[in-house]
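Novice: Sharing a structure here in structure tokens format.
Protein chains in written order, with the numbering used here: chain A, 474 to 588; chain B, 1057 to 1176.
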């Protein structure tokens, strides 16, 4: 079975541009989360979506937005890129149950470099 | 607020040595979940284990074992007879349980990671 897939793998942008990152969850997973991982640090939570609704947002500016589609895939959009947005962006998917926090399974990430 | 501390930034051992990675957490939730992930140089985070706050039994899986102690808010990870392929960054993470029934986010709060290098 395919794992979480993310595209593109690498991306180079300049300050002020806009970027869209894409994620396809593991088949059967309806929850998708996005994390930002700056070099040398642990991942930081950006968004979580379940059944196309935003269920949580981390401490990121409004330049960051996301959405989930009917097939449960997701997009992360970042506007007005800053040098500090350079990072590995990780997507994770999981089952969603009412009783427990299921493990999140991560993709390989998109490495975004801002020049 | 939730917090995970991994005080060991880097650890280097020789193959076949045992190594323990420390993790200390802070949370106000009475129900919570703890996780360990491995991140090899390729970048993908690989899920290793999940424990809930009600289950303090230690767990062993092959060369891996985990020691969960609520009294000290620690969830340590031991690799026995380490191998070169174990070289990676290991992250401990915490997820609160308050949103389980309400459907709110179950985001992971990660520690800063421990870089483990196993030398041949």
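We treat Cβ as the ideally placed atom computed from N, Cα and C, and that holds for glycine.
#1: Any beta-carbon of chain B closer than 8 Å to the one on residue 581 (chain A)?
#2: Apply the 10 Å Cβ neighbour rule to residue 1163 (chain B) and answer buried if 16 or more other Cβ atoms are within range, or exposed otherwise.
#3: Closer than 7 Å by beta-carbon distance: list the chain D residues that pair up with residue 506 (chain A), in chain order.
#4: Near residue 476 (chain A), what residues of its chain come up, given a Cβ to Cβ distance below 8 Å and the 5 sequence neighbours on each side ignored?
#5: With a cut-off of 8 Å, does the C-beta of residue 1130 (chain B) fall near any C-beta of chain A?
#6: Mind checking the region 506–520 of chain A against chain B and listing, in chain order, the residues whose C-beta falls within less than 7 Å of any C-beta there?
#7: Would residue 504 (chain A) and residue 521 (chain A) be called neighbours here (beta carbons separated by less than 8 Å)?
#8: Could you check whether the Cβ of residue 1168 (chain B) sits closer than 8 Å to any Cβ belonging to chain A?
#9: Does the count of Cβ pairs from the region 1074–1081 of chain B and the region 1135–1150 of chain B closer than 8 Å reach three?
#10: Within a Cβ cutoff of 7 Å, which residues of the same chain sit near residue 536 (chain A), ignoring the five residues on either side of it in sequence?
#11: Would you mind listing the beta strand (DSSP E) stretches within the region 481–530 of chain A that are 3+ residues and don't spill past its ends, in chain order?
#12: How would you label residue 502 (chain A), buried or exposed, when you count the other beta carbons within 10 angstroms and need 16 or more for buried?
#13: With a threshold of 8 Å between beta carbons, is residue 532 (chain A) in contact with chain B?
#14: Using a Cβ-Cβ cutoff of less than 6 Å, which residues in the same chain neighbour residue 490 (chain A) once the five nearest sequence positions on both sides are dropped?
#15: Tell me which residues share the same chain as residue 485 (chain A) and place their Cβ nearer than 7 Å to its Cβ, disregarding the 5 neighbours each side in the sequence.
#16: Kindly indicate which three-state DSSP category residue 1072 (chain B) falls into: helix, strand or coil?
Specialist: Based on what the coordinates show:
#1: Interface residue, yes.
#2: Residue 1163 (chain B) is buried by the Cβ-count criterion.
#3: Although the question refers to chain D, the structure presented lacks it and instead comprises the protein chains A and B.
#4: Its chain contains 499, 578 and 580 as the residues whose beta carbon lies nearer than 8 Å to that of residue 476 (chain A), once the 5 sequence neighbours on both sides are disregarded; these appear in chain order.
#5: Chain A, which has no Cβ nearer than 8 Å to the Cβ of residue 1130 (chain B), makes this no.
#6: Per Cβ criterion, the list reads 506, 514, 515, 516 and 518.
#7: Yes, they are a contact pair.
#8: True, the Cβ-Cβ gap to chain A drops below 8 Å.
#9: Result yes; three or more Cβ-Cβ pairs closer than 8 Å.
#10: If we look at residue 536 (chain A) and ignore the five residues flanking it on each side, its Cβ neighbours are 551, 552 and 553.
#11: Entirely contained in the region 481–530 of chain A, the beta strand (DSSP E) runs reaching 3 residues are, in chain order, 483–486, 492–497, 504–510, 517–523 and 526–530.
#12: Residue 502 (chain A) should be labelled buried.
#13: No Cβ of chain B is located within less than 8 Å of the beta carbon of residue 532 (chain A).
#14: Hits under 6 Å: 554.
#15: Here residue 485 (chain A) has 586 and 588 as same chain residues with Cβ atoms under 7 Å from its own Cβ, once five neighbours each way along the sequence are excluded.
#16: Residue 1072 (chain B) falls in the coil class under three-state DSSP.
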